[in-house]
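Visitor: So that we are looking at the same thing, I have put the structure below in structure tokens.
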């Protein structure tokens, strides 16, 4: 660690000609520092955060950027609410007057995002709301005016057309297999709270969720949220999932066939179904605390239109310390996720500082806390933006880059969403590359990185994420690209072995970082504003600003 810091600092202070080139060597040095045990896995609110934030501020200062926060600050406070449920006093459903006890992690998985000592729901009615989608732009409303106040909303996961067969009216209305935000569990909880529900439960099925029940239960009752004013807290005392078999049994107890209702929920005339004679009760202790954390913000002021901002983002946090792996390692250093993205942004900052004259528009860099806890750092920023969202031209985010060498293509996340993908195509061709859409759009990666906090406010976005599909590698083709994805996601994603390795080949990452620089430079030196494409759920948000 100590031997790396002086060399890295010297590279930061190198002559402008050196900064004009995106350097794999500098990127490697940054990753090795941030993913080292000294930073303790970069968990929010820990000594690891203090060291990380200090290091990042030092890097931006050495490169020559200005503080990007308010009143000349390098940071924006992002206090986090951390909750954990304890063993239940009561948990289960009453069916026909008889109480059926449920076990946490078996029939149901629960958490809370409320700062209260107990999470209590007493004999609340359950209302099945299909996919729980309210999408006027797609002529779809699953709620039909139902009153959810004091009730528990029960949802299906994914979109109404996820399981649609050929010839069904809903087929393709929500992008087919490609998930929209309406399919994400986060949207369903938000919609339930907007409608005043006291609880929200999603019926789990592995194809629709994209992961098994073991993944659902892995947080073990723990949750995070940004600290909100009392009138802005969720109405949900509890949120979570029902195991698929337990859900079918529950519905049957109310005389309802879940399989039949799945099909009914794919029709626009679907109406909510109250599970007659069934109520939900829970009483669980809650431990809660406020964790002090921070985003890091830096800027390069524009020379002509400084109020218009091209925004780059990556998250500095990782998973901290956890159980020892087979090698006894406990620090989950997040070398690729997302120290590599952070290193890429530092390279982009150096390259912008080496450009003369400076860009017409301002360039802002946001390094976010708590991405791994639910995109919370970027969400805290979006709720209290330092730079108005209607003056933010675009958000360009780096989150996991492939480390297997040069590629003939670049992977596009969120095909069909916005005009930035057309810019990516144009600039990729200049590199002699093509654009390949992500391989599993039903996994909803477009909604699972920090750029999404900007998209929800109508800001056009582009995400570079190496695990979104198999790159067509110069050495080994798409088979080698798939092998890299499978190896990383199957072995090291969120694990201690997400560490710097001598086998890393950063030539492909350099290509992708270069693309994001080129795109940002074009936007920063133009007067154009990227747009959302017709059919995007975010188009109306931008047009209202």
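In this note's numbering, the protein residues as written are 10 to 554. C-beta: ideal position from N, C-alpha, C; glycine also.
1) If you draw a straight line from the alpha carbon of residue 316 to that of residue 463, how long is it in whole angstroms?
2) I'd like to know whether the C-beta atoms of residue 129 and residue 275 end up nearer to each other than 7 Å.
3) Starting from residue 69 and walking both ways along the alpha helix (DSSP H), at which residues does that stretch end?
4) Excluding sequence positions up to five away, which residues of its chain have a Cβ less than 7 Å from the Cβ of residue 310?
5) Taking all protein chains shown into account, decide if residue 399 is buried (16 or more other Cβ within 10 angstroms of its Cβ) or exposed.
6) What are the residues that DSSP puts in a beta bridge with residue 320?
7) List the endpoints of the continuous beta strand (DSSP E) containing residue 286.
8) Of the choices 31, 503, 321, 357, whose alpha-carbon is the least far from that of residue 330?
9) At what residues does the alpha helix (DSSP H) containing residue 325 begin and finish?
10) What number of angstroms, rounded off, separates the C-alpha of residue 550 from the C-alpha of residue 485?
11) Determine the DSSP secondary structure at residue 30, reduced to helix, strand or coil.
12) What are the start and end residues of the alpha helix (DSSP H) that includes residue 134?
13) Note down, in chain order, each residue of its chain lying with its Cβ closer than 6 Å to the Cβ of residue 234, except the 5 sequence neighbours on either side.
14) Closest by CA to residue 344, which one among 326, 358, 30?
15) Does the distance from the CB of residue 291 to the CB of residue 259 come in under 7 Å?
16) How many angstroms separate the CA atom of residue 29 from the CA atom of residue 143?
17) Quick check: residue 77 and residue 272, are their CB atoms within less than 7 Å of each other?
18) Provide the residue(s) that pair with residue 445 in DSSP beta bridges, ordered along the chain.
19) Going by DSSP in three states, residue 354 sits in which element: helix, strand or coil?
20) What residue range is occupied by the uninterrupted beta strand (DSSP E) comprising residue 470?
21) So, with DSSP's three-state summary, where would you put residue 340?
22) If you draw a straight line from the alpha carbon of residue 422 to that of residue 437, how long is it in whole angstroms?
23) Nearest to residue 79 by alpha carbon, out of 204, 71, 373, 368?
24) Just to confirm, are residue 41 and residue 509 a CB contact at a threshold of 7 Å?
25) Where does residue 538 fall in DSSP's three states?
26) Considering only DSSP beta bridges, list what residue 161 is partnered with.
27) Just to confirm, are residue 169 and residue 152 a CB contact at a threshold of 7 Å?
28) Taking 6 Å as the limit between beta carbons, can you name the residues of its chain near residue 518, skipping five residues before and five after?
29) I'd like to know if the region 469-489 and the region 400-420 are in contact, where contact means that at least 3 CB-CB pairs between them fall below 8 Å.
30) Across which residues does DSSP place residue 91 in a beta bridge pair?
31) Can you tell me the Cα-Cα spacing of residue 244 and residue 205, whole angstroms?
32) Go ahead and pull the three-state DSSP assignment for residue 9.
33) Tell me where the alpha helix (DSSP H) around residue 187 begins and ends.
34) With DSSP as the reference, label residue 258 as helix, strand or coil.
35) Taking the beta carbon of residue 196 as the centre, do at least 16 other beta carbons fall within 10 Å, making it buried, or is it exposed?
36) Where does the unbroken alpha helix (DSSP H) through residue 529 begin, and where does it stop?
Guide: According to the structure shown:
1) If I take the Cα positions, the gap works out to 17 Å.
2) Result no, Cβ atoms of residue 129 and residue 275 do not sit closer than 7 Å.
3) For residue 69, the enclosing alpha helix (DSSP H) covers residues 56-72.
4) Around residue 310, the same chain offers 75, 371 as residues with beta carbons nearer than 7 Å, after the five sequence neighbours per side are excluded.
5) Counting every other CB atom within 10 Å of its CB across the protein chains shown gives residue 399 a total below 16, marking it as exposed.
6) Partner(s): 373, 404.
7) Note, residue 286: beta strand (DSSP E), 282-300.
8) Checking every option, the nearest Cα to that of residue 330 belongs to 503.
9) Per DSSP, residue 325 lies in no alpha helix (DSSP H) and is assigned neither H nor E.
10) Roughly 43 Å between the two C-alpha positions.
11) Correct three-state label for residue 30: coil.
12) Note, residue 134: premise wrong, no alpha helix (DSSP H); beta strand (DSSP E) at 127-137.
13) Annotation for residue 234: 90, 122 place their beta carbon closer than 6 Å to its own, counting only its chain and skipping 5 residues before and after.
14) Of 326, 358, 30, the residue nearest in Cα terms is 326.
15) Contact flag unset, no.
16) Going from the Cα of residue 29 to the Cα of residue 143 covers about 48 Å.
17) Not closer than 7 Å, so no.
18) Residue pairing from DSSP places residue 445 in a beta bridge opposite 420.
19) Of the three classes helix, strand and coil, the one that applies to residue 354 here is helix, per DSSP.
20) Segment 470-473, the beta strand (DSSP E) holding residue 470.
21) Strand at residue 340.
22) The straight-line gap from Cα to Cα measures roughly 15 Å.
23) For the residues 204, 71, 373, 368, the minimum Cα distance to residue 79 belongs to 373.
24) It is a contact, given that the beta carbons lie within the stated cut-off.
25) In the structure shown, residue 538 falls within a coil segment according to DSSP collapsed to helix, strand and coil.
26) According to the DSSP secondary-structure assignment, residue 161 is paired through a beta bridge with 135, 208.
27) For residue 169 and residue 152, no; Cβs fall outside 7 Å.
28) Hits under 6 Å: 410.
29) The region 469-489 is in contact with the region 400-420.
30) The secondary-structure analysis by DSSP pairs residue 91 across a beta bridge with 233, 298.
31) For residue 244 and residue 205, the gap between their C-alpha atoms comes out near 6 Å.
32) There is no way to answer for residue 9, as the model of the chain reaches only from 10 to 554.
33) Run containing residue 187: none; DSSP gives neither H nor E here.
34) DSSP, read as helix, strand or coil, puts residue 258 in helix.
35) The residue in question, residue 196, is buried, as its Cβ has 16 or more Cβ neighbours within 10 Å.
36) Residue 529 -> alpha helix (DSSP H) spans 516-533.
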